[in-house]
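For reference, the structure discussed in these notes is given below.
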């Protein structure tokens with residue numbers, strides 16, 4: 007946690023530095039600035055690193071003129087630096103209200119929300135901030151991506167988290183806390199590293215280490231790390247699932263074996279059932295996929311992917327009505343899932359519902375339009 | 010895993026020539042055995058582009074008729090030389106040369122070679138194109154800029170690619186989900202599509218005729234598209250991969266499904282409604298007219314075809330339909346042309362629909 011704190015302070019410094027430059031623009035000062043005396047005093051206090059005085063003066067300045075954006079920015083960023091996350095968040099919200107495209111400010115608000123436990127809002131702001139260029143500097147990128155992945159894990163978006171952590175593995179960035187964080191995503195534990203108990207720490211760290219090696223592209227070393235993990239923790243929930251998940255893109259058969267192993271240990275693991283069914287469907291083994299898909303949908307009926315694999319399994323085994331029913335459920339649970347639209351297009355086409363098939367194809371093409379590549 | 014793959018590839022390369030002859034014989038045996046009952050199909054299919062989707066170099070007519078193929082791009086010069094049933098692919102930068110024996114020729118018309126080097130498989134950087142009767146950069150590799158001679162050999166295949174290549178271009182190249190080069194039979198043979206054909210043949214030889222493979226003709230048009238799309242790319246695969254632009258014209262199941270007239274349950278619009286995979290590709294445009302008119306009544310007819318009251322008659326012509334409604338589109342490298350299977354009314358100057 008010390009590491010995160012020190013990193014947060016660094017990113018704060020960098021983000022603030024980025025905005026100091028913006029704040030110097032005539033646009034900013036000319037726009038609804040309060041009395042120049044107050045500005046000068048606040049600025050001087052800030053430059054002298056008299057943070058409490060600077061916060062007080064900026065607070066007075068924005069009280070006098072609430073439409074002064076730079077005052078809100080300095081106030082929010084300084085408050086963040088002192089750990090006053092709630093007022094910092096609110097000050098930054100005033101700033102963002104006036105300058106909606108301020109990527110660093112939005113990202114910094116996300117970091118405030120991370121600290122105040124508003125995880126959904128934090129993730130949204132950090133991702134929005136990144137999209138607006140807040141991660142353009144390497145140091146900022148590390149901090150923001152790290153928090154993004156922590157939040158994705160905390161919110162249960164494990165696949166997204168692992169994808170985000172790939173950034174660190176590919177760039178050779180590592181430290182013990184990062185491995186714990188990756189382990190949490192890999193073992194599908196919706197926790198932050200600080201919440202991991204002492205007893206859990208070695209398992210989570212070992213899983214993170216194995217996954218890190220895989221994400222870094224060192225499959226041989228990763229294989230050894232996973233084998234050791236399985237030996238030391240033979241019944242660790244989701245360990246085989248993690249290895250299977252990582253193997254899936256390059257070796258779906260080996261991945262399937264891991265998913266089936268996970269199901270031996272935990273027959274009610276809906277995610278493992280989904281992935282086993284999916285791997286079997288890709289191998290045109292729909293009759294074998296169907297029981298896994300049924301198990302997934304029974305264990306987790308609100309899991310979109312469970313409804314999706316059940317719909318696909320039913321379609322490929324000839325039950326088109328059943329397929330459409332479950333694919334519609336998957337669509338309701340997750341309207342923008344490409345795989346659901348692809349499956350619906352096929353199911354409608356096989357049912358002779360030509361226009362609905364065309365509609366689903368159009369949606370699928372639309373969903374992938376931005377990713378277009380030439381082969 | 011990588012070490013295992015490398016070992017199996019090396020072993021395969023050593024065995025390739027010997028096993029190749031055996032497998033070729035096996036191919037002929039199966040075809041000739043199937044021919045006992047399915048004479049027409051067995052006679053023509055082995056010479057189709059699918060039947061020759063993969064060839065042993067020593068039995069490859071193209072290499073025999075073109076024993077000295079050469080090409081140069083930038084600092085690298087390529088040769089494909091055939092001498093006494095041995096074909097060698099070489100690339101040189103003028104000071105150093107890498108020469109590799111060709112074990113596998115992919116394609117009957119346009120041809121690419123899969124090469125083995127240091128236990129890894131590569132797609133040859135250059136391919137033969139009938140349209141220019143010469144070598145050129147392999148389709149899709151134009152953007153590669155080799156930094157050294159090793160890279161100039163070709164594109165190293167990703168881990169799963171060899172399985173895909175051999176899975177489509179050969180028979181029995183992938184067994185139980187794993188690439189098994191020692192069992193590769195060149196080209197698409199009976200068993201490739203008609204799973205169970207071999208056991209059916211054996212049973213039939215013993216007088217048992219009730220074990221036929223699944224009848225592919227009974228599949229719906231949607232299912233046929235997905236079946237053929239396993240190699241020609243399904244609609245889903247193309248969308249998932251986000252392939253766009255003229256390059257996707259070669260993925261016929263994708264293009265066909267984009268057609269307004271595509272109906273997954275209408276047998277008149279399936280791949281096999283127009284193409285007999287046991288026959289060479291019919292290139293006469295007028296020969297497909299009857300397929301179109303099965304739905305779209307001729308303007309001279311008094312009523313539209315049965316079952317498709319909304320299928321309009323063409324007001325311009327009643328012959329050579331595909332020349333307008335399935336225009337020829339060149340791949341971006343200009344070397345290979347396909348009829349666009351997105352059947353449509355083509356408006357002058359309209360961009361490629363995507």
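Protein chains in written order, with my numbering: chain H, 7 to 381; chain B, 10 to 363. Cβ coordinates follow ideal geometry from the N, Cα and C atoms, glycine included.
Next item on the list: Compare the beta carbon distance of residue 137 of chain B and residue 161 of chain B with 8 Å and say whether it is the shorter of the two.
Entry: Along the second chain, read from residue 1 onward, the residue named residue 137 of chain B stands at position 128. Along the second chain, read from residue 1 onward, the residue named residue 161 of chain B stands at position 152. No.
Margin query: Whole angstroms are fine: how far does the CA of residue 226 of chain H sit from the CA of residue 169 of chain B?
Written below: Working through the second chain from its first residue, we reach residue 169 of chain B at position 160. Working through the first chain from its first residue, we reach residue 226 of chain H at position 220. Rounded to the nearest angstrom, the two C-alpha atoms are 17 Å apart.
Next item on the list: Determine the DSSP secondary structure at residue 195 of chain B, reduced to helix, strand or coil.
Entry: As a working mapping, residue 195 of chain B is identified with position 186 in the second chain. Under the three-state reduction of DSSP output, residue 195 of chain B falls in the strand class.
Note to self: Check whether the region 102-121 of chain H and the region 71-79 of chain H are in contact - that is, three or more C-beta pairs closer than 8 Å.
What the structure shows: yes
Next item on the list: List the residues of chain B that residue 356 of chain H touches, going by C-beta distances under 8 Å, in chain order.
Entry: The sequence position of residue 356 of chain H within the first chain is 350, counting from 1. Correct list: 229, 231, 232, 273, 274.
Check: So residue 82 of chain B packs on residue 131 of chain B, CB below 8 Å; how close in whole Å?
Finding: The count along the second chain starts at 1 and reaches residue 82 of chain B at position 73. The count along the second chain starts at 1 and reaches residue 131 of chain B at position 122. Wrong, their Cβ atoms sit about 16 Å apart, outside the cutoff.
Next item on the list: On the DSSP bridge assignment, give the partners of residue 364 of chain B in chain order.
Entry: An answer regarding residue 364 of chain B cannot be provided, because it is not within the stretch 10 to 363 covered by chain B.
Item checked: Residues that residue 168 of chain B contacts on chain H, provided the C-beta gap is smaller than 8 Å -> The sequence position of residue 168 of chain B within the second chain is 159, counting from 1. The contacting residues are 256, 257.
Check: Per DSSP, residue 110 of chain B forms a beta bridge with which residues?
Finding: The residue labelled residue 110 of chain B in the question sits at position 101 within the second chain. Its beta-bridge partners are B:97.
Notebook entry, point to check: Going straight from the alpha carbon of residue 111 of chain H to that of residue 253 of chain H, what length do you get?
Noted result: Counted from its first residue, the first chain places residue 111 of chain H at position 105. Counted from its first residue, the first chain places residue 253 of chain H at position 247. Rounded to whole angstroms, residue 111 of chain H to residue 253 of chain H spans 38 Å at the Cα level.
Note to self: Please return the same chain residues whose Cβ sits closer than 8 Å to the Cβ of residue 300 of chain B, not counting the five positions on each side in sequence.
What the structure shows: Within the second chain, residue 300 of chain B is the residue found at index 291, counting from 1. Excluding sequence neighbours, residue 300 of chain B sits near 277, 282, 283.
Margin query: Buried or exposed, going by whether 16 or more other CB atoms sit within 10 Å of the CB of residue 335 of chain B?
Written below: As a first step, residue 335 of chain B must be located in the second chain, where it is residue number 326. Its Cβ being crowded by 16 or more others within 10 Å, residue 335 of chain B is buried.
Check: Using the C-alpha atoms, what's the distance from residue 274 of chain B back to residue 343 of chain B?
Finding: On the second chain, residue 343 of chain B is found 334 positions in, with the first residue counted as 1. On the second chain, residue 274 of chain B is found 265 positions in, with the first residue counted as 1. If you take the alpha carbons of residue 343 of chain B and residue 274 of chain B, they lie about 35 Å apart.
Checklist line | Interface residues of chain B facing residue 374 of chain H [CB-CB closer than 7 Å] | finding: Here residue 374 of chain H refers to the residue found at position 368 when the first chain is read from its first residue. In chain order: 248, 251.
Checklist line | Residues that residue 377 of chain H contacts on chain B, provided the C-beta gap is smaller than 8 Å | finding: For the purposes of this step, residue 377 of chain H is taken as the residue at position 371 of the first chain. The contacting residues are 251.
Checklist line | Closest Cα partner of residue 126 of chain B within the set B:189, B:163, B:223, B:248 | finding: The sequence position of residue 126 of chain B within the second chain is 117, counting from 1. If we check each option's Cα against that of residue 126 of chain B, B:163 comes out closest.
Check: To the nearest whole angstrom, what separates the beta carbons of residue 123 of chain B and residue 174 of chain B, a pair I think is in contact under 8 Å?
Finding: Counted from its first residue, the second chain places residue 123 of chain B at position 114. Counted from its first residue, the second chain places residue 174 of chain B at position 165. Residue 123 of chain B to residue 174 of chain B, Cβ: 6 Å. Contact.
Margin query: Is there a C-beta anywhere in chain H that falls below 8 Å from the one on residue 436 of chain B?
Written below: This structure does not reach residue 436 of chain B, given that chain B is present from 10 up to 363, and the question cannot be answered.
Next item on the list: Indicate whether at least one CB of chain H lies closer than 8 Å to the CB of residue 7 of chain B.
Entry: Shown here, chain B extends from 10 to 363; a query on residue 7 of chain B therefore has no answer.
Notebook entry, point to check: Just to confirm, are residue 254 of chain B and residue 62 of chain B a CB contact at a threshold of 8 Å?
Noted result: Residue 254 of chain B sits at position 245 when you count from the first residue of the second chain. Residue 62 of chain B sits at position 53 when you count from the first residue of the second chain. It is not a contact, given that the beta carbons lie outside the stated cut-off.
Notebook entry, point to check: residue 339 of chain B bridges to which residues according to DSSP?
Noted result: The residue given as residue 339 of chain B occupies position 330 in the second chain. The partner list for residue 339 of chain B (beta bridge, DSSP) reads B:346.
Next item on the list: May I have the straight-line CA-CA distance separating residue 99 of chain H from residue 365 of chain H, to the nearest angstrom?
Entry: Residue mapping note: residue 99 of chain H aligns to position 93 of the first chain, counting from 1. Residue mapping note: residue 365 of chain H aligns to position 359 of the first chain, counting from 1. Between residue 99 of chain H and residue 365 of chain H, the C-alpha separation is close to 40 Å.
Next item on the list: Report the neighbours of residue 245 of chain B on chain H: residues whose CB is nearer than 9 Å to its CB, in chain order.
Entry: Within the second chain, the letter at position 236 stands for residue 245 of chain B. Simply 345, 348, 349, 351, 352, 370.
Check: Are there 16 or more other CB atoms within 10 angstroms of the CB of residue 357 of chain B, so buried, or fewer, so exposed?
Finding: Indexing the second chain from 1 puts residue 357 of chain B at position 348. Classification for residue 357 of chain B: exposed.
Check: So which residues of chain B does residue 363 of chain H contact, with C-beta pairs closer than 7 Å?
Finding: Position 357 of the first chain, counting from 1, holds the residue named residue 363 of chain H. By Cβ distance, chain B contributes 273.
Next item on the list: Give the straight-line distance between the Cα atoms of residue 125 of chain H and residue 186 of chain H, rounded to the nearest whole angstrom.
Entry: Counting from 1 along the first chain, the entry for residue 125 of chain H is found at position 119. Counting from 1 along the first chain, the entry for residue 186 of chain H is found at position 180. Going from the Cα of residue 125 of chain H to the Cα of residue 186 of chain H covers about 19 Å.
Next item on the list: Buried or exposed for residue 223 of chain B, please, with buried defined as at least 16 other CB atoms from any protein chain shown within 10 angstroms of its CB.
Entry: The residue given as residue 223 of chain B occupies position 214 in the second chain. Label assigned to residue 223 of chain B: exposed.
Notebook entry, point to check: If you pair each beta-carbon of the region 175-190 of chain B with each one of the region 142-150 of chain B, do three or more pairs fall below 8 Å?
Noted result: Counting C-beta pairs closer than 8 Å gives fewer than three between the region 175-190 of chain B and the region 142-150 of chain B, which falls short of the contact rule.
Notebook entry, point to check: Would you say residue 360 of chain B reaches chain H, if we count a Cβ-Cβ gap shorter than 8 Å as a contact?
Noted result: For the purposes of this step, residue 360 of chain B is taken as residue 351 along the second chain, with counting starting at 1. By this cut-off, residue 360 of chain B is not an interface position.
Next item on the list: Determine the direct distance from the alpha carbon of residue 134 of chain B to that of residue 150 of chain B, and round the result to whole angstroms.
Entry: As a working note, residue 150 of chain B is residue 141 in the second chain. As a working note, residue 134 of chain B is residue 125 in the second chain. Each residue's alpha carbon lies about 7 Å from the other.
Check: Mind listing which residues of the region 272-305 of chain B have their C-beta closer than 7 Å to chain H's C-betas, in chain order?
Finding: Those residues of the region 272-305 of chain B that come within reach of chain H (Cβ to Cβ, closer than 7 Å) are 272, 273, 274.
Check: Considering only C-alpha positions, which residue in the set H:275, H:320, H:48 is nearest to residue 305 of chain H?
Finding: Reading the first chain from its first residue, position 299 is the one you call residue 305 of chain H. Checked all of H:275, H:320, H:48; the closest Cα to residue 305 of chain H is H:275.
Check: So what's residue 91 of chain H in DSSP terms, helix, strand or just coil?
Finding: Here residue 91 of chain H refers to the residue found at position 85 of the first chain. Helix.
Next item on the list: Note the first and the last residue of the continuous beta strand (DSSP E) segment covering residue 248 of chain H.
Entry: Locating residue 248 of chain H in the first chain gives position 242, counting from the first residue. From DSSP, residue 248 of chain H is part of no beta strand (DSSP E) but of the alpha helix (DSSP H) over 245-253.
Next item on the list: Return the CA-CA distance between residue 367 of chain H and residue 348 of chain H, expressed in angstroms with no decimal places.
Entry: On the first chain, position 361 is the one that residue 367 of chain H refers to. On the first chain, position 342 is the one that residue 348 of chain H refers to. Spanning the two alpha carbons is a distance of roughly 7 Å.
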